[in-house]
Amino acid sequence: MPAQSATGLMDVYQMAVTHDAQLAQARAQFEADRRVVEINRAPLLPQLSADADVTRQDSDLKGRDNTRRQAGLSLTQTLYRKDQFARYDQADFQRQQAQFALQEAEQSVIERVTDAYFKVLLSLEEVRLAKARESSDKTQWERAQASADVGLASKTDVLQAKSSFDLSRSQRISAENDLDVAKEELMKLTGQPVSELKEIRLDTRLNMKPVDVVTWEAKAESNNLTVLQSQQAASAASKAIEVQQSGHWVSVDLRGQYQHQSYADYEEAYASSYQDSNALSVGVYASLPLYAGGGTSAKVAQARASYQAANQSLRNAKESARLNARVQARNLERGLELVRANRAAVVSNDAFLEAAEEGYKVGLRNMLEVLTARTNMFQARRNLAESLHNVVLSRLRLEAAAGSLTADTLQRFERLLSAPRQETVPTVTLDGDAS
19 MPAQSATGLM DVYQMAVTHD AQLAQARAQF EADRRVVEIN RAPLLPQLSA
69 DADVTRQDSD LKGRDNTRRQ AGLSLTQTLY RKDQFARYDQ ADFQRQQAQF
119 ALQEAEQSVI ERVTDAYFKV LLSLEEVRLA KARESSDKTQ WERAQASADV
169 GLASKTDVLQ AKSSFDLSRS QRISAENDLD VAKEELMKLT GQPVSELKEI
219 RLDTRLNMKP VDVVTWEAKA ESNNLTVLQS QQAASAASKA IEVQQSGHWV
269 SVDLRGQYQH QSYADYEEAY ASSYQDSNAL SVGVYASLPL YAGGGTSAKV
319 AQARASYQAA NQSLRNAKES ARLNARVQAR NLERGLELVR ANRAAVVSND
369 AFLEAAEEGY KVGLRNMLEV LTARTNMFQA RRNLAESLHN VVLSRLRLEA
419 AAGSLTADTL QRFERLLSAP RQETVPTVTL DGDAS
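Just so we're aligned: the sequence shown equals residues 19 to 453 in the numbering used here.
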């Protein structure tokens, strides 16, 4: 397949952005949550209403029948209501909290896409290795059987080779099933099947600057999206105290009313009793709660307790963010060491397998040692693939812990990938440009 036909990490991400249900839910929830500012601003603006009625009066008294028409306008403007001003400030904190929640959902898509993507890649590598091992074990078994037929191998050698082949076949079946499941999980994010993915080759070289754990820990404490949400929640909780304290404060409104009244269908002799009228009134109204059965004080105490709970939640969020940053930074450092160790293990296990096979040919090694060496050789390659993937994931998770994981970050890691069986091998600097 041509290189351009393989699907990359950014391709999968773009599919997920348009399809992922969790992100769509977060976007819709943000649209709902951000309206809280408009809702709480409305009571601070002029409130205008109109009313009208028509009344027909039929009287037993002669000449007293008439029709009355009445219409009016009422205007109220808040001058001072502590609860409404506090609710408006609280709503702004809630809007900012909703904004950070949406950003966290957008960051979560990147994390889930990369997790699913590299799970498919690892499963694909496991299938390849399982097939290669199955083929090698089958060849080993057939050779052992042929040697036994001419008396050059024992029955034990044949049985060992056969048991290894049967085991490798079962592992290949299991690996293929795991690959199918991994692809299904990726398709849940993208909404469509992805036939072939760009991969990280086992001989890809990673260049990376040393990680300053203290710096990343500080970034996480300041910029982690869960921390930022908790900060806004705590600020909103502090305003909730003011909302409840308003039960002790005076409220002042400006009110204006215009009323028009007219009559019709009456006898002219009684016209003086049915005069049209217009009335206009404007006034300032104040009210002060005196006693509410202790309910206001209880609500204030409740709000203060909720504020303390929000502060403890913020403290927990900061501690968790710092811990996550430390863990991912150390995972990244150890991961790079593990890649180097696994790469050396591949070389040494290849050499040992070659020596074991040569030793078996001259009678210095038995069949079990050859089979064990081959198993270790395939396991070393599998471990190398997993450690390469984990380095990428650890770096992305470190960015997420610091609240700096974006599509641009993902684009940088796209450079690690190459089309399957591509000849050139990229050397990538994780903190800068690929070379």
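Backbone N, C-alpha and C define an ideal beta-carbon position, used for all residues, glycine too.
Backbone CA spacing between residue i and residue j [nearest angstrom]
{"i": "K173", "j": "M395", "result": "25 Å"}
{"i": "R219", "j": "S192", "result": "23 Å"}
{"i": "S280", "j": "Q43", "result": "55 Å"}
{"i": "M66", "j": "R430", "result": "Position check: residue 66 holds Leu in this sequence, whereas Met was assumed. Cα to Cα, L66 sits roughly 56 Å from R430."}
{"i": "P228", "j": "V409", "result": "13 Å"}
{"i": "V245", "j": "R344", "result": "16 Å"}
{"i": "E376", "j": "R348", "result": "42 Å"}
{"i": "F136", "j": "D107", "result": "44 Å"}
{"i": "Q326", "j": "S295", "result": "59 Å"}
{"i": "T445", "j": "L224", "result": "In this prediction, T445 has a pLDDT of 42, which is less than 50 and means its spatial position is unreliable; what the coordinates show is noted afterwards. Cα-Cα distance, rounded: 6 Å."}
{"i": "S240", "j": "A316", "result": "35 Å"}
{"i": "V138", "j": "A60", "result": "51 Å"}
{"i": "S338", "j": "W234", "result": "13 Å"}
{"i": "R74", "j": "K257", "result": "52 Å"}
{"i": "T25", "j": "G353", "result": "26 Å"}
Cβ-based burial, residue i [other Cβ within 10 Å; buried from 16]
{"i": "L308", "result": "exposed"}
{"i": "I128", "result": "buried"}
{"i": "R45", "result": "exposed"}
{"i": "T36", "result": "exposed"}
{"i": "K379", "result": "exposed"}
{"i": "I259", "result": "buried"}
{"i": "T157", "result": "exposed"}
Whether residue i touches residue j by CB criterion (7 Å)
{"i": "A179", "j": "S141", "result": "no"}
{"i": "A162", "j": "L207", "result": "no"}
{"i": "A251", "j": "N329", "result": "no"}
{"i": "R52", "j": "R105", "result": "no"}
{"i": "L356", "j": "S405", "result": "yes"}
{"i": "L389", "j": "S248", "result": "no"}
{"i": "G301", "j": "L93", "result": "no"}
{"i": "V176", "j": "A34", "result": "no"}
{"i": "L63", "j": "Y276", "result": "no"}
{"i": "R190", "j": "A148", "result": "yes"}
{"i": "E432", "j": "L27", "result": "yes"}
{"i": "N360", "j": "L402", "result": "yes"}
{"i": "V270", "j": "A304", "result": "yes"}
{"i": "V145", "j": "E194", "result": "yes"}
Own chain, CB closer than 6 Å to residue i, minus 5 neighbours either side, in chain order
{"i": "L455", "result": "The chain is shown from 19 up to 453; residue 455 falls before or after that span and cannot be answered."}
{"i": "K100", "result": "S264 and W267"}
{"i": "A391", "result": "F370, L371 and A374"}
{"i": "A89", "result": "A70 and H278"}
{"i": "K336", "result": "E239 and V245"}
{"i": "D76", "result": "D83"}
{"i": "A123", "result": "L41 and A44"}
Cβ shell of residue i (< 7 Å), same chain only, five flanking positions each side left out
{"i": "Q125", "result": "L243, A418 and L423"}
{"i": "M19", "result": "Note on M19: pLDDT 38, under 50, position unreliable in the model; no value is reported."}
{"i": "E143", "result": "R400 and A403"}
Close Cβ partners of residue i (< 8 Å) along its chain, the five nearest in sequence each way excluded
{"i": "Q320", "result": "Q262"}
{"i": "V231", "result": "A343, R344, A347 and R348"}
Let me know the beta strand (DSSP E) ranges lying completely inside the segment 200 to 226, each 3 residues or longer, listed in chain order. 223 to 225
Run through the segment 318 to 352 for me and flag every whole beta strand (DSSP E) of 3 or more residues, listed as ranges in chain order. none
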